[in-house]
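Residue numbers (my numbering), protein chains in the order written: chain A, 121 to 260; chain B, 121 to 260. Have a look at the structure below, then the notes.
Protein chains: 2
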Amino acid sequence: MEQPTIAERLINSHIKPSYSRIKIMEYIVNERSHPTVEEIYNELLIELPTLSKTTVYNTLYVLMKAKLIRLITIEENETRYDADLSEHGHFKCERCGSIYDFCISLENNSIEGLNGFLIDDKNVYFKGVCQSCLANKNNN
Amino acid sequence: MEQPTIAERLINSHIKPSYSRIKIMEYIVNERSHPTVEEIYNELLIELPTLSKTTVYNTLYVLMKAKLIRLITIEENETRYDADLSEHGHFKCERCGSIYDFCISLENNSIEGLNGFLIDDKNVYFKGVCQSCLANKNNN
DNA sequence: GTTCCTGCAAAAGCTTTGCAGAAGA
DNA sequence: TCTTCTGCAAAGCTTTTGCAGGAAC
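What follows is the structure in structure tokens.
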């Protein structure tokens with residue numbers, strides 16, 4: 121089964137596949153680091169020297185509205201983006217700042233208090249210390 | 121079993137129970153609406169006309185560090201606070217903006233991908249449309 | 001020619017910081 | 001007296017908005 125290209129995915133969502141948009145979407149899909157606006161902007165500036173943050177914001181808004189990406193708000197002061205729309209959780213290491221994905225499935229019937237509610241979006245965010253940082257601590 | 125008062129809870133956490141701090145903590149505990157800074161400030165201004173937002177921010181920071189309250193970041197642009205530290209999820213209705221609590225328990229052993237990780241904090245945020253808004257829609 | 005994408009600059013909004021006066025021990 | 005709590009004002013950041021030039025079709 122062929123994976124659609126980034127451009128095809130944009131077209132399928134009725135978004136014109138401009139070079140900037142392809143690059144921004146591509147970056148979020150390939151880098152699985154759940155980048156911030158700042159990271160996307162700084163990284164793509166190398167390849168697109170005229171890129172502006174406005175375009176990054178505009179594009180992220182367009183991609184979000186088309187539900188090609190989604191927002192991650194683990195921390196109040198940093199908005200991140202994720203192109204993986206499957207149900208999974210995010211773990212942020214408070215020591216090194218890395219974000220890890222993990223598998224989790226929340227069955228609606230195991231939830232009390234939301235009977236008759238329409239659930240569009242589920243987010244699971246954990247924080248703590250990752251295995252790698254825990255291991256390093258012992259070596260220090 | 122006696123519940124400790126707000127002042128006692130502050131003292132137990134080595135926080136001086138000033139009037140502002142008691143009122144702010146009290147507001148978060150009593151109002152179970154998970155208020156924003158803005159809401160806390162505006163509401164308490166009635167009773168404490170000289171209150172400043174700086175004091176609200178300062179106090180929230182102190183309470184957070186003492187783990188008497190916790191941050192809720194369902195949306196990127198609104199930071200909310202919750203004094204209920206028990207494990208529960210938050211549902212935000214995208215139509216009326218209300219936030220509902222719901223029961224959920226995440227067993228660590230049902231999570232794949234975080235073996236050997238230290239988990240400090242778990243957050244579950246859902247979005248959608250609440251029962252009440254769904255019912256109203258039919259009446260409109 | 002028309003649409004809409006891009007990017008500069010300015011504005012807006014929230015949060016933090018610096019500092020001085022006030023309150024409390 | 002000494003500490004620290006409070007609050008004004010300013011600064012800092014991120015995000016949004018207005019608008020004009022430019023690319024694409």
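From the three backbone atoms N, C-alpha and C, an ideal C-beta is built for every residue, glycine too.
- Distance from the CA atom of B:K173 to the CA atom of B:I166, rounded to whole angstroms, is 14 Å.
- A residue is called buried once 16 or more other Cβ atoms fall within 10 Å of its Cβ, and B:R200 is buried on that count.
- Around the beta carbon of A:N197, a 10 Å sphere encloses fewer than 16 other beta carbons of the protein chains shown; the residue is thus reported as exposed.
- Following the DSSP letters along the chain, one finds B:R190 inside the beta strand (DSSP E) bounded by residues 190-195.
- Between B:F246 and A:D241, the C-beta spacing is below 8 Å.
- Under the Cβ criterion of 8 Å, B:G236 is counted among the residues facing chain A.
- Excluding residues up to 5 positions away in sequence, I192, R200, D202, I219 lie with their Cβ nearer than 6 Å to the Cβ of B:H154 in the same chain.
- With fewer than 16 neighbouring CB atoms inside 10 Å of its own CB, B:L205 falls in the exposed class.
- In this structure A:M145 is buried. Its beta-carbon is surrounded by 16 or more other beta-carbon atoms within 10 angstroms.
- In the same chain as A:A186, and ignoring 5 residues on each side of it, the C-beta atoms closer than 7 Å to its own belong to S133, I135, in chain order.
- A:I219 sits in a strand when the DSSP states are folded into three classes.
- Residue environment for A:I189: buried (at least 16 other C-beta atoms within 10 angstroms of its C-beta).
- If you draw a 10 Å sphere on the C-beta of B:G217, you find fewer than 16 other C-beta atoms in it, and that means exposed.
- Chain-order list of chain A residues neighbouring B:K242: F246, by C-beta distance under 7 Å.
- Chain order gives the chain B residues near A:C223 as I231, E232, G233, where near means a beta carbon separation below 8 Å.
- The Cβ of A:E196 sits closer than 8 Å to at least one Cβ of chain B.
- By the beta-carbon neighbour count (other beta carbons within 10 angstroms, threshold 16), A:R141 is buried.
- Collapsing the DSSP output to three states places A:E214 in coil.
- A:H210 and A:F222 have their C-alpha atoms roughly 6 Å apart.
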